[in-house]
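Novice: If you use the working numbering, the sequence shown closes out at 129, no skipped numbers anywhere. Positions of the beta carbon are idealized from the N, C-alpha and C atoms, including for glycine. Quick one: this structure, given as structure tokens, is what I'll be asking you about.
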Amino acid sequence: MQVGLLMVFQNFEDGTTDQAAWERDIQLANLAEPLGFDTLSAVEHHFSNYAMSPDNLQFLSYMAGQTQKIGLLTGAVILPWNDPLRVAERMIVLDHLSQGRALFGIGRGLALREYETFGIDMNEARERF
1 MQVGLLMVFQ NFEDGTTDQA AWERDIQLAN LAEPLGFDTL SAVEHHFSNY
51 AMSPDNLQFL SYMAGQTQKI GLLTGAVILP WNDPLRVAER MIVLDHLSQG
101 RALFGIGRGL ALREYETFGI DMNEARERF
């Protein structure tokens with residue numbers, strides 16, 4: 001069995017700045033490898049403090065430089081919101097930066113707010129996926 005840590009980057013604490021919330025979660029993420037987790041992953045969500053992680057590949061690229069052996073998993077890249085060629089390029093860069101530790105998780109997305117803000121009809125999600 002493998003065990004992973006999923007980073008969500010929530011900020012529901014009154015008076016906590018977004019910067020402080022990110023710093024808190026980065027400190028937590030830096031504990032994953034020393035504590036023996038097999039993977040570190042991050043969600044992709046937009047436009048809400050529910051999960052302030054609009055670019056999980058950027059975060060995982062940062063973590064590639066902070067870690068040595070833990071797997072770095074996108075949990076997930078939401079394909080209907082992203083250009084597939086750009087996603088492929090960015091995954092390749094993550095894989096190079098991490099020396100082969102990149103793991104690719106994909107999803108379709110479920111938040112109507114995110115689809116509407118991107119100007120994408122949610123009824124097209126299955127076809128785009």
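Any C-beta of chain B sitting closer than 9 Å to the C-beta of VAL87?
Specialist: The chain inventory of the structure shown lacks chain B, comprising one protein chain alone.
Novice: Let me know the secondary structure DSSP gives ALA102 once reduced to three states.
Specialist: Sequence index remark: in the sequence shown, residue 102 carries index 102 (1-based). Strand.
Novice: With three or more C-beta pairs closer than 8 Å as the rule, is the segment 63 to 71 touching the segment 106 to 124?
Specialist: No, the segment 106 to 124 does not touch the segment 63 to 71.
Novice: What is the DSSP secondary structure of THR117, reduced to helix, strand or coil?
Specialist: One-based indexing of the sequence shown puts residue 117 at position 117. Three-state result, THR117: helix.
Novice: So who's on the other strand from VAL77, going by DSSP bridges?
Specialist: Translated into positions along the sequence shown, residue 77 becomes position 77. Beta-bridge pairing links VAL77 to ILE106.
Novice: Which class does LEU35 belong to by DSSP, given the choice of helix, strand or coil?
Specialist: Counting from 1 along the sequence shown, the entry for residue 35 is found at position 35. In this structure, LEU35 counts as coil in the three-state DSSP scheme.
Novice: Classify LEU40: buried if its beta carbon has 16 or more other beta carbons within 10 angstroms, exposed otherwise.
Specialist: Start at 1 with the first residue of the sequence shown, and residue 40 comes out as number 40. With 16 or more Cβ atoms within 10 Å of its Cβ, LEU40 is classed as buried.
Novice: Locate the beta strand (DSSP E) running through MET91, then write down its first and last residues.
Specialist: As a first step, residue 91 is located in the sequence shown; it is residue number 91 there, counting from the start. No beta strand (DSSP E) holds MET91; the alpha helix (DSSP H) holding it covers 84 to 97.
Novice: DSSP has SER41 in a bridge; who is on the other side?
Specialist: Looking up residue 41 in the sequence shown gives position 41. DSSP, once it has assigned bridges, lists LEU6 and LEU73 as partnering SER41.
Novice: Beta-carbon within less than 8 Å of LEU97's beta-carbon, same chain only, minus the 5 sequence neighbours each way: which residues are those?
Specialist: As a first step, residue 97 must be located in the sequence shown, where it is residue number 97. Counting only Cβ-Cβ distances below 8 Å, and skipping sequence neighbours, we find SER61, ALA64 and GLY65.
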